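Let me begin by presenting the structure, written as structure tokens, before commenting on it.
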Amino acid sequence: MPSHDVMPDMELYQPVQVEDALALAARLGERGWLLGGGQDTYGWLKDRAKRAEALIDLNGIAALRGISETADGIEIGALTSLTEIATSPLINQRYGVLAAAAGRVASPQIRNAGTLGGNVSQDVRCWYYRRGLDCYRAGGNLCYADTPEGMNREHAIFGQSRCVAASPSDTAPALVALDASMVIRSENGERVMPAADYFVGPAIDIRNTTALRTGEILTAVRIPSTWANASFYFEKVADRNVWDFALVSIAVAMKLNGDTISDSRFVAGAVECKPRRLLDVEAAVRGKPRDAATAQSLGDLASRGARTLAHNQYKVPLLNNLVRRALHIA
Amino acid sequence: MTFMHIGKDFTPPDVEGKVTGDAKYAEDFRREGMVFARLLTSPMPSGRIVSIDASAALRMDGVLGIITADDLPPSAPPANPMLASEYVTYIGQPILAVAAISEHVAENALEQIKVQFERRDFVVDPLDSLIEGGPDAYPEGNAMVLTAPEGDENTALVGRIQPVKWPAAEVEKLRMGKEPNGKFTAGWEYGDLDAQFAQCDVIVEESFVTAGYPHQCMEPRTSMVYWENGKCYFHASTQSQSSVNNGLAAMLGIGPENLCLINENTGGGFGSKGTSYPSMGIAGNLSRLLNRPVQLRITREEEFYIGVGRPGMQGWIKIGVKDGGKVAAVDLVIVSDGGPTGQNSASSSAGHISVLYQPDAMRLRNIPIFTNTAPRGAQRGPGQNEMAAALAPIMDKVAKQVGIDRVAFRKMNAANSDSGIYEDQSPVTSAFMAEAIEKGAQMFDWQAKISQPRRRGNKVIGIGVGQGYHGAGGYGYDGLVRIAPSGRVYIHSGVGNLGTYSFAATSRAVAEVLQCSWDNCEIVRARTDRHLPHSSTQGGSNTIFTHSRTNYVAAMDVVTKLKEIAAAEFGGAVDDYSIGEERVFLTSDPAKGMSYGAAAQKAIELGGRYSGGEYPDDIDPITQRAVAGLAGTGLIGVAKDNLPRKGTPPGEIVGFVEIEIDLDTGKIAVLDYVAVADCGTVMHPKGFSQQMNGGGVWGIGMAAYERHVYDPQNGLPANVGLYQSKLPTMLDVPATMANAAADIPDPFNPMGGRGIGEPSQGCAVAAMTSAIADALEGHLFNRVPVTADMILNHVAQNDFGPRPLKLNTF
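Listed below in structure tokens is the structure:
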């Protein structure tokens, strides 16, 4: 087991038009690998834990960058950097939960390089899987984390299905909370799907964390005006305050009628293989004031149904606490 | 004492290069014809190598050759071999190196090499090996039995492997935090333990676990080597250009006179580069085999594997206190996780207690167990700092039961200049810890802090105090100074340059003695062919004490020779002469004198001892060669440090911290940090502050962040990189950290100084664990680090029953 850290031999394509990239993605199929900011890619490739024959470097495609207003909200190019999103006046003004989430990704350096498309499409961070072990997700027939002795402190407490890896993305819960749509293109055309459907758990597809298929490219994310200027809350708890993945995160959007919550989205990160919408919580707070009493009334509603592993029981109180804090910080 | 240079800030000569990026490290050097080597390492924690087939790799274009254990002298376990021969004992253990015209080709070649293994049982937790029927890390057994006395922390333990097993019931006792009755292979005792415990009013028993911690030096240990005319030129990453030499020369099978070690800058060592290490031998021997310059770049992941780490501890302690707070007796059991090297710091851990709490009687029972985890070695405050982490909240519990303030308790038991320490109750040069504690408590405003309300909404305040200790100095090394005919003063130093600047701070002792301008001084270092003296490693907190002494004696030799030369020139007795303004002159008639440069010219003319033609008999062979190389080039001052000695120069620091724990998230915020050192005279204020703060940051990381996780199912380490290891970041530590010194000179150092590099971490980690327990109303986790998940589980009263002592399960 050499400790590789040099890029393996592979072809490099650097298209400047989306159409050329789509043609390459179609032609190369499974042999190709889409490259955005590289923050997920280079680890896999340099470790040689995943192999690809050709890199399709999307960074030269100007059309994939930028934040623009649309008739019903905004559209963000998939290659837009996380720093741009975190600092965008438009996003900060209307969709602060996304700016906050983007601003808590990893470190300033990684946010400069990392893209929105990459952040939402990145692979799970289960350390067994990343080591290249032949687990279910890697095509094998066992899970190393979901055992009595597995080191599974960071793993999921919901939605396990052979694989117990957790969603690592900070922006994904925010996008689900904002009812965002994902714009996916291929040579065959364009499809647009809700963010909530873009992210998939192992019961649906154990090899992929998104609905993106070979030959497809996530080109943009659209955020409707539905939740613009709503009352937002985002909190990410990680071991470190910089350069870390969430132990649990929460993205919340609330529409308030006076002090009363008329509608809301509560979405948790890092508790399931995809962002977890807390529908019970949303139902429970509807028509209630945003205050301490409502927060306390939830009890353990957010974590109900959780199945903990040997080392991740702490995620249960953490999730409950973050939901409560979204409603009322003591 | 008023100094001209000591105690004043200055710009060390290597600073500019580090600011501009011009500073070169081993990996930055190239040589014509240089080839690149990469390591093939073990994929399994324990196994036997059945066969190696490198034929396909060797047929590849650009591949120049490989080196295996068959090309090297045999090595017997538990010595850490350059390359594994029959058995592999940890994941990441180097098995062979392949050299090619580029790293790219070398990495591709690695994938073409086929190694067949037989798997063996492995173990990652010492108690799993110690129990009857448990697996052994080596075919020969699981325990280290020393066959030679334990040296300092930079000396590998010498011993043999033998099987030692405990009945399951005894292992279970330790796992559940009770005193075990098993076989130990090391330990010591002083005083009448039973009699002292019998006098105690309060007795506390607790268990503790401290994780291992890998080294995280910014610069991985890359080597670049070439041979010319039978001489080896070796660019390395080390903590010394002197103490590494003999070991490296032995690995290469050459005399140290045929080794030129080159090490301009080192990006951190922290004990892991204090002596020669195995990957140096791989690079050097491969270069000779190929007759080509070879660079063996070590990756971040490989650095985790081969960079050695701090041993973990599982233990039990019983502390007895009498007379309203005097620590009377300490009984200590430590099972050490020594990895495959069996490194064991238990004696240092016990020594930490003997210094800082001065028990009247004490016993250590210890057994180092081999595990199939990464090799272990010295790491900043080895033994002492992990004990500091475990001990602080336990001692707080003791103080509470006695009914005494935690700071007062530590002050009451602090060592003074007449104290005895360690198992032999040997003396210290001086100690003023009570004064440091007093000063620190005032700076931190301890009384006000502990009196404040603790609960702030969902947050709770914790106030902690902790102490760090490390023996901070050595004796008997050599100093070497040359004055050239130009009058320039050259201070030769073999002390490494880790970025602590102590090589420069200690060189200022020469300018102090010679009463000369610092601008007229130049530190000669970095390459052994620049004629460097026998120096200590830059580690063990020792440089300040050790090398201000060596530079002092060498400078005093210069002064003597200056006066002798002047007396010979102008008449009168040597004692009639003085120095000043870079001249030596007749005290009664300053006009009769000469410049340092003129005296140096005279020394060359006189020859013999004045210009290095002769030298003292007691200097080390390394220094002898250095002097011989300089002979005839100026006035040579050279001497061994034979100044008066008195036991151990202690480096002690007390740390105070205020933290805020968010009970909803388990997160700890450090609000305030103050540390005060008992380190004698502060020789270089900026260097002092840098060490105090740097150690403080690491202590915070050790207490609440750094992770060292092994999977018990397959022996895989989970944290092989900087990200996974969770070193604290800028936003995890306070923006400002205050520090000061008791500032009472040590009488056994002519400049008054002692080192503080290591205890600066120990006091911080101890203050942190003390504060965490304080915030949680005295709750003891009995393990370090304390991470957010542990706090959340505690607050939520997630009760999983008594958690057995286990390493790496955080």
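Sequence order for the protein chains is A and B.
Take the first sequence: its position 308, counting from 1, is numbered 310 in this note's numbering, and each next residue is one higher.
Take the second sequence: its position 780, counting from 1, is numbered 788 in this note's numbering, and each next residue is one higher.
Even for Gly, the Cβ is constructed at its ideal location relative to N, Cα and C.
Remember, predicted model here, so these are calculated numbers, not experimental data.
Asked	Found
Glu-158 (chain B) to Ala-512 (chain B) span [Cα, whole Å]	31 Å
Own chain, CB closer than 8 Å to Gln-699 (chain B), minus 5 neighbours either side, in chain order	Thr-508, Ile-764, Gly-765, Ser-768
Identity of the residues DSSP links to Ile-76 (chain A) by a beta bridge	A:Glu-71, A:Ile-225
Beta-carbon proximity of Gly-317 (chain B) to Ala-382 (chain B), cut-off 8 Å	yes
Closest residue to Arg-633 (chain B) among B:Val-335, B:Asp-209, B:Leu-267 (Cα-Cα distance)	B:Leu-267
Under 7 Å by beta carbon: chain B residues contacting Asp-1 (chain A)	Since the first residue shown for chain A is 3 and the last is 332, residue 1 (chain A) is missing from the structure and cannot be characterised.
Gly-723 (chain B): CB within 7 Å of a non-hydrogen atom of the ligand SAM	What this structure holds is no ligand at all, so the ligand SAM is not there to describe.
Proximity of Phe-2 (chain A) and Ala-308 (chain A) at Cβ, strictly below 8 Å	No answer is possible for residue 2 (chain A): the residues shown for chain A start at 3 and end at 332.
DSSP bridge partner residues for Lys-571 (chain B) (one or two, in chain order)	Looking at the DSSP assignment, Lys-571 (chain B) forms no beta bridge with any residue, so it has no partner.
Completely contained alpha helix (DSSP H) runs for the stretch 149–194 of chain A, where each covers 4 or more residues	173–179
Rounded straight-line distance, which links the Cα of Arg-791 (chain B) to that of Ser-215 (chain B)	8 Å
Among B:Ala-114, B:Pro-51, B:Trp-174, B:Ala-203, the one whose alpha carbon lies nearest that of Gly-134 (chain A)	B:Pro-51
Neighbour flag for Asn-747 (chain B) against chain A, beta carbons, 8 Å	no
Within chain A, the residues that Leu-739 (chain B) reaches when beta carbons sit closer than 9 Å	Arg-242, Asn-243, Val-244
Partner residues on chain B for Tyr-146 (chain A), Cβ-Cβ distance less than 9 Å	Asp-719, Gln-721, Asn-722, Leu-724
Other residues of its chain near Ala-332 (chain A): CB distance less than 8 Å, five sequence neighbours each side excluded	Any reading at Ala-332 (chain A) must be qualified, since the residue scores a pLDDT of 47, below 50, and its modelled position is unreliable; the value itself is stated next. If we look at Ala-332 (chain A) and ignore the five residues flanking it on each side, its Cβ neighbours are Ala-294.
CB of Pro-319 (chain B) within 8 Å of CB of Gly-282 (chain B), strictly	no
Pair within 8 Å by beta-carbon distance, Asp-172 (chain A) and Gly-271 (chain A)	yes
Ala-114 (chain B) and Ile-75 (chain B) closer than 8 Å at C-beta	no
Identified DSSP bridge partners for Arg-384 (chain B)	B:Gly-317
Inter-stretch contact (C-beta, 8 Å, three-pair minimum) for the stretch 16–23 of chain A and the stretch 51–60 of chain A	yes
Contiguous alpha helix (DSSP H) assignments of at least 4 residues, all confined to the stretch 418–487 of chain B	441–452, 454–459
Residue ranges of each beta strand (DSSP E) within the stretch 625–673 of chain B, 3 or longer	643–648, 658–670
Cross-strand partners of Trp-196 (chain B) (DSSP beta bridge)	B:Leu-372
CA nearest to the CA of Val-684 (chain B), picked from B:Gly-579, B:Gly-659, B:Cys-208	B:Gly-659
Contact list for the stretch 306–339 of chain B against chain A, Cβ threshold 8 Å	Thr-307, Arg-308, Glu-309, Glu-310, Tyr-313
CB contact below 8 Å: His-6 (chain A) versus chain B	yes
DSSP beta-bridge partners of Gly-328 (chain B)	B:Ile-211, B:Ala-337
Proximity below 8 Å, CB of Gly-476 (chain B) to CB of Cys-687 (chain B)	no
Any chain B beta carbon closer than 8 Å to Ala-286 (chain A)	no
Tyr-131 (chain A) - DSSP class collapsed to helix/strand/coil	helix
Chain A contact residues for His-112 (chain B), given Cβ-Cβ distances below 9 Å	Val-8, Met-9, Pro-10, Asp-11
DSSP three-state assignment for Arg-557 (chain B), whether helix, strand or coil	helix
Closer than 8 Å to chain B by CB, Tyr-323 (chain A)	A quick correction: the sequence has Asn, not Tyr, at residue 323 (chain A). For Asn-323 (chain A), the answer is yes, since a Cβ of chain B falls inside 8 Å of its Cβ.
Chain C within 8 Å of Asp-672 (chain B), Cβ atoms only	Going by chain labels, chain C is absent from the structure shown, which instead holds the protein chains A and B.
Short Cβ contact (8 Å threshold) for Gly-620 (chain B) with Gly-640 (chain B)	yes
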